[in-house]
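Comments concern the structure below.
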Amino acid sequence: MSAPTNHIADMRRQDRESPGPARGAGPGIDALISRVEALALRLCAGDRLELLGGMAQEHLASGGRRRRARLALAATGVLGGDPRSAVGWAAAVELLHNATLVHDDIQDGDRVRRGRATVWARHGVAQAINVGDLLLMLPFSAVAYVDGDDALRWRLSEALARRAAEIVRGQALDLDLLPSGRLDVDSFDRAIAGKTGALLSLVIEGAALIAERPSATATALGDAFSVLGMIYQLQDDVLDLYGDKGRGARGCDLAEGKVSALVVSHLARCPADRDWLLSLLRAPRSETSTADISDAAMRFHRSGALADVLARIDSLARVFDSDPRLQDEPDLLALGRRFLARVLSNLPPSSRHGESS
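See below:
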């Protein structure tokens, strides 16, 4: 691996070697995750298990690592709170995350997620919109299960509404990148800062509030974690083309016309390829062949776009590592490092070493 990626390699090594609270904020997280899942499923059902609740439960039961829920519990612990008091908060962020997935699949036309048919592919677009809407509303019900007073739950609800709005605004910017022709890195960054950065900010802001940090401090700590959400998106873009996301095929982003980190990085190096890329991205999904995807993967590798995205991941990791807002919270910083190391472990070795696959 080239020199710019050494920082990530160090984080992975530290994750393997470091025991103790910062790895998982103490024992019992798995047991608490079971409680989180049970609460989320119960909220989906409502007073009785009916049609829409069953569809939402079906989606939640389809898999997923519950990374954001685990981070919410662990962050509460390392900040000095009781992770058990954050079960409702962990359920809230998990429900919100899954709401965005259901709506994303509709907007992107994805028929497979986690190796299974997506909600819209199984039940139709109209019902999938209903499922996503339900999952957007239920986080506010989950907040009622957070241990604390009404003032705390009010602050959590305010943070939830504010950050959720950021997520949707970012998604709107993301969907507008291709129609508007804004295929530059800055426009892409603005979109993903909302689309993926705001959700991790929300996780940490809520955990800090539960751990009795002042509101301004909680917001600042949450903002510091936004960069990890951006890194998550970058690795997700790489994984889509050079790995396996459980979507049934590689290169789904290109096939569905999504502007990815690889696209904007390639155009920054090879602006003459703009017409080729626009033609590829605007083509109907059914007309994009595996050969087209393989050709794009090869071009992105040869141009240095893949290497640029991997170097950008490392650069943003350094930004997180040196963020002054986190220097007085070493355990939270350590937790963020480990979260990032585990996320990046999903990247296939070929992409981590800058080779096409």
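FYI, in our numbering the residues of the sequence shown are 41 to 397.
All residues carry an ideal CB built from backbone N, CA and C; glycine is no exception.
A quick note: this is a predicted structure, and the numbers were derived from the prediction, not measured.
| Does the region 367-385 come within contact of the region 96-116, defined as at least 3 CB pairs closer than 8 Å? | yes
| Just checking my contact of Val-304 with Phe-360 at CB under 8 Å: how many whole Å lie between their CB atoms? | Actually they do not touch by this definition, with Cβ atoms about 21 Å apart.
| message | Taking 8 Å as the threshold (C-beta atoms), are Tyr-185 and Ala-258 in contact? | response | no
| query | Thinking C-beta only, is Arg-124 closer than 8 Å to Leu-92? | reply | no
| query | Going by the beta-carbon positions, is the gap between Asp-313 and Asp-293 smaller than 8 Å? | reply | no
| Given Ala-85, which residues of its chain have a CB within under 6 Å of its CB, disregarding the five upstream and five downstream residues? | Gly-93
| query | Could you check where the alpha helix (DSSP H) with Thr-140 kicks off and where it finishes? | reply | 127-148
| Mind checking whether Phe-265 and Leu-302 have CB atoms under 8 Å apart? | no
| task | With distances taken Cα to Cα, identify the nearest neighbour of Leu-321 among Arg-309, Val-299 and Thr-330. | result | Val-299
| task | Would you kindly report the start and end of the unbroken alpha helix (DSSP H) that includes Asp-277? | result | 266-282
| Residues bridged to Ala-157 (per DSSP) | Val-152
| request: Mind listing, in chain order, the continuous beta strand (DSSP E) runs of no fewer than 3 residues lying wholly within the region 300-362? | output: none
| query | Using DSSP with H/G/I as helix, E/B as strand and the rest coil, what is Asn-386? | reply | coil
| said: Give me the residue from Gly-164, Ala-331, Ala-351 and Arg-154 with the minimum Cα distance to Leu-274. | reply: Ala-351
| Any idea if Trp-160 is buried or exposed, counting beta-carbon neighbours within 10 angstroms, 16 or more meaning buried? | buried
| What do you reckon, are the CB atoms on Arg-153 and Leu-141 nearer than 8 Å? | yes
| field | Three-state class that DSSP yields for Asp-189 in the structure shown | value | coil
| request: Identify, in the order they occur along the chain, each residue of the same chain with its Cβ nearer than 7 Å to the Cβ of Gly-344, setting aside the five sequence neighbours on each side. | output: Arg-309
| query | What residue range is occupied by the uninterrupted alpha helix (DSSP H) comprising Gln-97? | reply | 91-100
| request: Could you work out which residue in Gln-97, Ala-247 and Ser-220 is closest to Leu-471 when comparing CA atoms only? | output: As displayed, the chain neither begins before 41 nor continues past 397, which places residue 471 out of reach and without an answer.
| request: Would you kindly check if the distance between the Cβ of Thr-236 and the Cβ of Gly-269 is under 8 Å? | output: yes
| query | Do Val-349 and Val-267 have their CB atoms nearer than 8 Å? | reply | no
| 8 Å contact criterion, which Leu-192 and Leu-249 should meet: CB distance rounded | 6 Å
| Taking buried to mean at least 16 other C-beta atoms within 10 Å of its own C-beta, is Gly-262 buried or exposed? | buried
| Cutoff 8 Å; reference Asn-386; Cβ partners in own chain excluding five residues on either side | Gln-275, Leu-279 and Gly-283
| query | If we ignore side chains and look at the alpha-carbon of each, how far apart do Asp-101 and Ser-326 end up? | reply | At residue 101 the sequence reads Ala, which differs from the Asp that was named. Their backbone Cα atoms lie some 30 Å apart in a straight line.
| message | Tell me the residue span of the alpha helix (DSSP H) that contains Asp-226. | response | 225-232
| field | Start and end residues, alpha helix (DSSP H) containing Thr-116 | value | 107-118
| Who are the near neighbours of Gly-120 in its chain, counting only those whose CB is closer than 7 Å to its CB and skipping five residues on each side? | Ala-251
| query | Between which two residues does the alpha helix (DSSP H) containing Leu-176 stretch? | reply | 165-183
| Rounded to the nearest angstrom, how far is the Cβ of Ile-353 from that of Ile-271, given a contact under 8 Å? | 5 Å
| field | N- and C-terminal bounds of the alpha helix (DSSP H) containing Leu-366 | value | Run containing Leu-366: none; DSSP gives neither H nor E here.
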